[in-house]
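The structure appears right after this line, and notes come after that.
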Amino acid sequence: MRWLRPHLAIGLLVVAPYGWGSDHWPDRLALGGAEPRLWQQPDTQTQPLPNQLQTPLGSLWKLFVYSYLQANALQEPKLQCTGQDPQQERYCCDPGESVGRDEALIRSCGLYFAPDRLGIQAADWRKFWQQRQAPEWLRDLSQLQPQQRVSVNSLLAGLAVVPAEVQQRSREVLTGVVLHGRGKEAVGSLGTLLGAKTYTQPTNEWGLVGGGAGWSDNGTPIW
182 MRWLRPHLAI GLLVVAPYGW GSDHWPDRLA LGGAEPRLWQ QPDTQTQPLP NQLQTPLGSL
242 WKLFVYSYLQ ANALQEPKLQ CTGQDPQQER YCCDPGESVG RDEALIRSCG LYFAPDRLGI
302 QAADWRKFWQ QRQAPEWLRD LSQLQPQQRV SVNSLLAGLA VVPAEVQQRS REVLTGVVLH
362 GRGKEAVGSL GTLLGAKTYT QPTNEWGLVG GGAGWSDNGT PIW
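Counted from 1, the sequence shown has number 291 at position 110 by my numbering; the numbering is strictly sequential.
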């Protein structure tokens with residue numbers, strides 16, 4: 182999913198691709214599983230997902246930190262917004278207010294999920310994802326950067342090893358902002374992508390790249 186332009190804001194950023202047609206589907210859609218597949222306009226058939234297809238992580242790194250916190254039943258403190266970093270805090274909360282884990286994911290609050298703030302140790306992070314046979318980049322805490330390039334295949338593989346109950350919780354949280362928040366008018370256009378974490382990331386060669394990733398209702402990883 183790529184080559185996108187901003188479409189509307191719903192707490193977290195929702196984006197729409199150039200060439201968005203009347204059916205409101207993205208120009209590329211990849212599905213994980215035993216044999217990952219890729220669909221792209223104007224094709225009507227899916228094809229095997231190419232290993233060389235890459236994407237920047239953008240804000241998807243926050244979804245993996247959220248998953249780690251949920252899976253380990255950790256109890257981190259809320260983020261207090263002080264107004265000292267308005268550029269970053271605008272995605273989190275107003276000065277004098279605080280934000281918790283679910284709302285931070287909805288708002289795509291990077292300050293909240295910063296590993297240093299949460300006290301996440303690189304060794305603990307690696308052990309958790311290694312036990313689940315996650316891709317190597319996901320085992321390395323230092324690679325959770327917006328500009329980090331990963332193959333779409335490996336991104337789907339990373340999503341696939343997130344525990345099922347965490348997948349479900351993530352979908353509920355990300356769907357909630359659309360169904361009950363300012364973006365509820367967009368439900369008809371977003372369809373099954375309601376539960377995906379969206380992202381945008383500037384790149385040198387592609388310009389502004391954006392899309393979303395998450396899981397379908399039956400747990401299939403999607404991008």
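Ideal placement from N, C-alpha and C gives every residue a C-beta, glycine not left out.
{"Item": "Opening and closing residue of the beta strand (DSSP E) in which serine 332 lies", "Value": "330-332"}
{"Item": "Helix, strand or coil at arginine 313 according to DSSP, with G and I counted as helix", "Value": "coil"}
{"Item": "Exposure of tryptophan 310, with buried meaning 16 or more beta-carbon neighbours within 10 Å", "Value": "buried"}
{"Item": "Nearest neighbour of aspartate 224, chosen from Leu210, Ser279, Asn232 [CA to CA]", "Value": "Leu210"}
{"Item": "Residues near glycine 376 by beta carbon distance below 6 Å, same chain, minus five either side", "Value": "Arg352, Leu355, Thr356, Gly395"}
{"Item": "Distance between glutamate 317 and isoleucine 287 (C-alpha atoms, nearest Å)", "Value": "27 Å"}
{"Item": "Inter-residue spacing [alpha-carbon to alpha-carbon] between glutamine 233 and threonine 263", "Value": "43 Å"}
{"Item": "Beta strand (DSSP E) segment containing tryptophan 220, residue limits", "Value": "218-221"}
{"Item": "Nearest residue (CA-CA) to valine 342, options Gln269, Gly388, Gln312, Pro237", "Value": "Gln312"}
{"Item": "Among Pro344, Gly300, Trp387, nearest to leucine 244 - alpha-carbon criterion", "Value": "Pro344"}
{"Item": "Simplified DSSP assignment, three categories, for valine 280", "Value": "strand"}
{"Item": "Per-residue DSSP class, three states only, for glycine 214", "Value": "coil"}
{"Item": "Segment contact flag, the stretch 285-304 with the stretch 243-262, C-beta cutoff 8 Å, min 3 pairs", "Value": "yes"}
{"Item": "Beta-carbon gap between serine 248 and valine 347 smaller than 8 Å", "Value": "yes"}
{"Item": "Counted within 10 angstroms of its Cβ, other Cβ atoms place glycine 281 as buried (16 or more) or exposed", "Value": "exposed"}
{"Item": "Cα-Cα separation between proline 229 and glycine 339, rounded to whole angstroms", "Value": "18 Å"}
{"Item": "Length of the line joining the Cα atoms of arginine 363 and aspartate 208", "Value": "Residue confidence is low: arginine 363 scores 36 on pLDDT, short of 50, so the model does not pin down where it sits. Its coordinate-derived value is still stated next. C-alpha separation (whole angstroms): 25 Å."}
{"Item": "Simplified DSSP state of valine 342, which is helix, strand or coil", "Value": "coil"}
{"Item": "Beta-bridge pairing of glutamine 382 - partner residues as DSSP gives them", "Value": "Val390"}
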